[in-house]
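For the record, the sequence lines run as chains A and B.
According to this note's numbering, the stretch in the first sequence is residues 112 to 439, in order.
According to this note's numbering, the stretch in the second sequence is residues 2 to 373, in order.
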Amino acid sequence: MNILANIISLTIVFAVPLMLVALGGMYSEHSGVINLALEGIMVIGALCACFTLQAFDRNGMGKVHPQLCMLIAIIVAAVTGTLFSLLLAFAAINLKADQTIGGTALNTFAPAFAVVVTWAVQGQGLTTIQIPSWIRITQESFGLEQGKGFWDMLIFKYFYLTTPIAIVLFFAAWILMYKTKFGLRLRACGEHPQAADSVGINVYRMRYAGVLISGCLGGIGGIAYTIAVGSGFSSSVGGYGFLALAVMIFGNWKPVQILGSAVFFALFKVIAAYNSSIPFLPKFEGMKDQSSLYQMLPYIVTMIVLIFTSKHSQAPKAEGIPYDKGSR
Amino acid sequence: MKVKKPLAENQMFISVLASVISIIAGLLFGSVLLFILNPSKAGIGMGAMLTTGFSSLDQFGKVLYQSAPLMLCGLSVGFAFKTGMFNIGATGQYTIGAFCALYGAIALQLPWWVCLLLSLIGGAVWGIFPGLFKALFNVNEVITSIMFNWIGMYLVNLLLANMPVMLASAWGASNSDRTAALAQANPGAVIPKGGLDKLFGNSSWINISVFVAIIVAIICWFILEKTTFGYELKACGYNKEASRYAGISANRNIVFSMIIAGALSGLGGGLYYLAGTIQYVLEKKTLAMGFNGIPVALLANSNPIGTIFSSLFISYIQVGGSAMQPNFSSESTDIIIAVIIYLAAFALLMKGVITGLLKKSMKNKDDKEAKA
Numbered sequence: 112m113n114i115l116a117n118i119i120s121l122t123i124v125f126a127v128p129l130m131l132v133a134l135g136g137m138y139s140e141h142s143g144v145i146n147l148a149l150e151g152i153m154v155i156g157a158l159c160a161c162f163t164l165q166a167f168d169r170n171g172m173g174k175v176h177p178q179l180c181m182l183i184a185i186i187v188a189a190v191t192g193t194l195f196s197l198l199l200a201f202a203a204i205n206l207k208a209d210q211t212i213g214g215t216a217l218n219t220f221a222p223a224f225a226v227v228v229t230w231a232v233q234g235q236g237l238t239t240i241q242i243p244s245w246i247r248i249t250q251e252s253f254g255l256e257q258g259k260g261f262w263d264m265l266i267f268k269y270f271y272l273t274t275p276i277a278i279v280l281f282f283a284a285w286i287l288m289y290k291t292k293f294g295l296r297l298r299a300c301g302e303h304p305q306a307a308d309s310v311g312i313n314v315y316r317m318r319y320a321g322v323l324i325s326g327c328l329g330g331i332g333g334i335a336y337t338i339a340v341g342s343g344f345s346s347s348v349g350g351y352g353f354l355a356l357a358v359m360i361f362g363n364w365k366p367v368q369i370l371g372s373a374v375f376f377a378l379f380k381v382i383a384a385y386n387s388s389i390p391f392l393p394k395f396e397g398m399k400d401q402s403s404l405y406q407m408l409p410y411i412v413t414m415i416v417l418i419f420t421s422k423h424s425q426a427p428k429a430e431g432i433p434y435d436k437g438s439r
Numbered sequence: 002m003k004v005k006k007p008l009a010e011n012q013m014f015i016s017v018l019a020s021v022i023s024i025i026a027g028l029l030f031g032s033v034l035l036f037i038l039n040p041s042k043a044g045i046g047m048g049a050m051l052t053t054g055f056s057s058l059d060q061f062g063k064v065l066y067q068s069a070p071l072m073l074c075g076l077s078v079g080f081a082f083k084t085g086m087f088n089i090g091a092t093g094q095y096t097i098g099a100f101c102a103l104y105g106a107i108a109l110q111l112p113w114w115v116c117l118l119l120s121l122i123g124g125a126v127w128g129i130f131p132g133l134f135k136a137l138f139n140v141n142e143v144i145t146s147i148m149f150n151w152i153g154m155y156l157v158n159l160l161l162a163n164m165p166v167m168l169a170s171a172w173g174a175s176n177s178d179r180t181a182a183l184a185q186a187n188p189g190a191v192i193p194k195g196g197l198d199k200l201f202g203n204s205s206w207i208n209i210s211v212f213v214a215i216i217v218a219i220i221c222w223f224i225l226e227k228t229t230f231g232y233e234l235k236a237c238g239y240n241k242e243a244s245r246y247a248g249i250s251a252n253r254n255i256v257f258s259m260i261i262a263g264a265l266s267g268l269g270g271g272l273y274y275l276a277g278t279i280q281y282v283l284e285k286k287t288l289a290m291g292f293n294g295i296p297v298a299l300l301a302n303s304n305p306i307g308t309i310f311s312s313l314f315i316s317y318i319q320v321g322g323s324a325m326q327p328n329f330s331s332e333s334t335d336i337i338i339a340v341i342i343y344l345a346a347f348a349l350l351m352k353g354v355i356t357g358l359l360k361k362s363m364k365n366k367d368d369k370e371a372k373a
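Rendered as structure tokens:
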């Protein structure tokens, strides 16, 4: 039973960054901007949050108020992610640049910047920022006793502040997208910006909002990923930004389905990492490196799904096309 | 008599000027960043980046060697651009190409030129997917390419792990995380040096790959500029609907252009790993070489001949970047490359500004002449 608890809790902790970043991508694409830079935004968010955590660890505040410090680190990640996404927003919206190329530029920039800065701050060769251990929420945080039962494993083995925050942000996303004026206007800008403009919606402003929200969520996703991996931050988020794009497409650009596909993708990641210790998986006799097989599967499944859904794709119609007031 | 076109209307000149401006902006940004991080070492660092490539024949040999795969990845991205496709999947095609070349070299014991053909075919096969998915199902090629980058990388890892003969451990070395060194496994698969090593002071890097790449670049230029097929490809890139109206099958051209783009990247992988100096290491991240084809193509404005020069430049600062250690990380060059890509994203705007400025200055000149 403990292994089941382990798998479930690991799946949750890996689904959190995937869902957050995919939701971020969803905001951006519904506003009409393809955010290919999510990977880079995650890296920048994680970098700044990790430096924040490290600083709290050094001055001793971290051990006294662990969750407060964690919250500050998450806010730092959100803010830096938002600031970084401004670069994409400016290029894509004001300068009407090619969005995929702009995103590629940010993706090239972020990991390089992270390595160079980490190198400069920590000294040569030290490219991994260690994460302090006090950030985990334990039974003690609630005044409970430390146990080794099923529920203890399930809830507390990998319990971080990012998980409840992700849950809140998920409900916020659903309400914002479908129950508010803002959501309706945002989606209008991604479907038919000219029509939106004609009824008085400021398309540029809505697109800025979409990209900046995606930057905010991407930044939080970055620190959530780093925590989930647990071995410190070494200037990379392992392609999770791109995987989140797949999650978003697989989730049909809708919050609830994105949650489902995030869990699905995370489960495959967990199986890939722990396939040898999971008893009920098929064992391919004589095959080495089965983790690669399981890592590959979500991408293949996404492609197959794309083939079948492309005719009725829910993708925003105007995504990727710069909005030009003058064009018809 | 041929009338000389005014500078402001010379597209080639404006493109080159825009690229030079991007490069200068990238270098400036990089210098400022290094200065902020470590003022005392910034000068040494930038100096290392900008001079190492010419500092010795050995290093210059390395510049030429690395420029070959970069050139092919750049050609690949550029070729797809011409048909209106963004081939962000060059790294996947490159990985598959590298695998096919190494498979031919180590497992099948084939000579180098057959291995290069295999890499070409492998890359082409990987390029079919984004093209077909776009043509048949209208799936965005960027998404397909990204998915197939990861599928390709994991597939190659999976295949290599299950082919013990491919790994270095089967050929007298102790490590099983990389492919066998070609010097032991099959010296006949190493791309010949063609006497260039003597010219370059026994540089271990140099071989004929850069010339192969230049020949391929010229072929690409020929296809795009001098054949009907190339004209149709470009027509699709300019305006898909109009070309369809003119009787050009857009879908067919999309698939063909992606196959060619894939083949180019694949050949790049073959050229890089058949040099005998590098072994393929099983990693959990996609290879950077394919992504670096993007700035190469952007700097060259997708022009195959321009790609020769832009790949030499990117290779030059990359070789310089590794000499910046231990003061700075070699990734500093990637920051400069990122700025170049970012500026290229709004190249049209920049070109508009340059044209405007040139026209203005010329008008001023004309006015002055008129007054005089």
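Positions of the beta carbon are idealized from the N, C-alpha and C atoms, including for glycine.
The model shown is predicted, which means the values in this text are computed figures rather than measured ones.
Backbone CA spacing between residue i and residue j [nearest angstrom]
i                      : j                      : result
residue 201 of chain B : residue 276 of chain B : 16 Å
residue 266 of chain A : residue 384 of chain A : 20 Å
residue 172 of chain B : residue 166 of chain B : 8 Å
residue 216 of chain A : residue 295 of chain B : 9 Å
residue 34 of chain B  : residue 155 of chain A : 16 Å
residue 115 of chain A : residue 402 of chain A : 19 Å
residue 2 of chain B   : residue 146 of chain A : Annotation note: pLDDT 46 at residue 2 of chain B (below 50); position unreliable, no value reported.
residue 283 of chain A : residue 85 of chain B  : 38 Å
residue 258 of chain A : residue 249 of chain A : 10 Å
residue 106 of chain B : residue 280 of chain B : 12 Å
residue 91 of chain B  : residue 70 of chain B  : 11 Å
residue 303 of chain A : residue 148 of chain A : 23 Å
residue 198 of chain A : residue 30 of chain B  : 15 Å
residue 176 of chain B : residue 314 of chain B : 34 Å
residue 267 of chain B : residue 269 of chain A : 42 Å
Residue i Cβ short of 7 Å to the ligand MG heavy atom set
i                      : result
residue 402 of chain A : Among the components of this structure there are no ligands whatsoever, and the ligand MG is therefore not found.
Where residue i falls, given that 16 or more other Cβ within 10 Å makes a residue buried
i                      : result
residue 422 of chain B : Here chain B has residues from 2 to 373 only, and residue 422 of chain B is not among them.
residue 335 of chain B : buried
residue 189 of chain A : buried
residue 15 of chain B  : buried
residue 368 of chain B : exposed
residue 253 of chain A : exposed
residue 398 of chain A : exposed
residue 196 of chain A : buried
residue 353 of chain B : exposed
residue 430 of chain A : buried
residue 306 of chain B : exposed
residue 374 of chain B : Outside the modelled stretch of chain B, which goes from 2 to 373, sits residue 374 of chain B, for which no answer is possible.
residue 314 of chain A : buried
residue 289 of chain A : exposed
residue 13 of chain B  : exposed
Where residue i falls: helix, strand or coil (DSSP)
i                      : result
residue 310 of chain A : coil
residue 279 of chain B : coil
residue 359 of chain B : helix
residue 169 of chain A : helix
residue 2 of chain B   : With a pLDDT of only 46 at residue 2 of chain B, under the threshold of 50, the placement of this residue in the model should not be trusted; the figure read from the coordinates follows. The answer is coil: DSSP assigns residue 2 of chain B none of H, G, I, E or B.
residue 194 of chain A : helix
residue 180 of chain B : strand
residue 55 of chain B  : helix
residue 310 of chain B : helix
residue 147 of chain A : coil
residue 441 of chain A : Residue 441 of chain A lies beyond the stretch modelled for chain A, which goes from 112 to 439, so this question has no answer here.
residue 118 of chain B : helix
residue 288 of chain B : coil
residue 109 of chain B : coil
Integer Cβ distance of residue i from residue j, believed to fall under 8 Å
i                      : j                      : result
residue 187 of chain A : residue 163 of chain A : 5 Å
residue 328 of chain A : residue 144 of chain A : That belief does not hold up - the Cβ atoms of residue 328 of chain A and residue 144 of chain A are roughly 14 Å apart, past 8 Å.
residue 341 of chain B : residue 27 of chain B  : 5 Å
residue 369 of chain A : residue 137 of chain A : 6 Å
Checklist entry - What are the complete alpha helix (DSSP H) segments, minimum 4 residues, inside the stretch 211-263 of chain B? => result 229-239 and 241-246
Checklist entry - Counting only runs that start and end within the stretch 238-307 of chain A, where is the alpha helix (DSSP H) found for 4 or more residues in a row? => result With a minimum length of 4 residues, the unbroken runs of alpha helix (DSSP H) contained wholly in the stretch 238-307 of chain A fall at 261-267, 273-290 and 292-302.
Item to check | Any alpha helix (DSSP H) of 4 or more consecutive residues that is wholly inside the stretch 202-243 of chain A | outcome: Runs of the alpha helix (DSSP H) inside the stretch 202-243 of chain A: 210-233.
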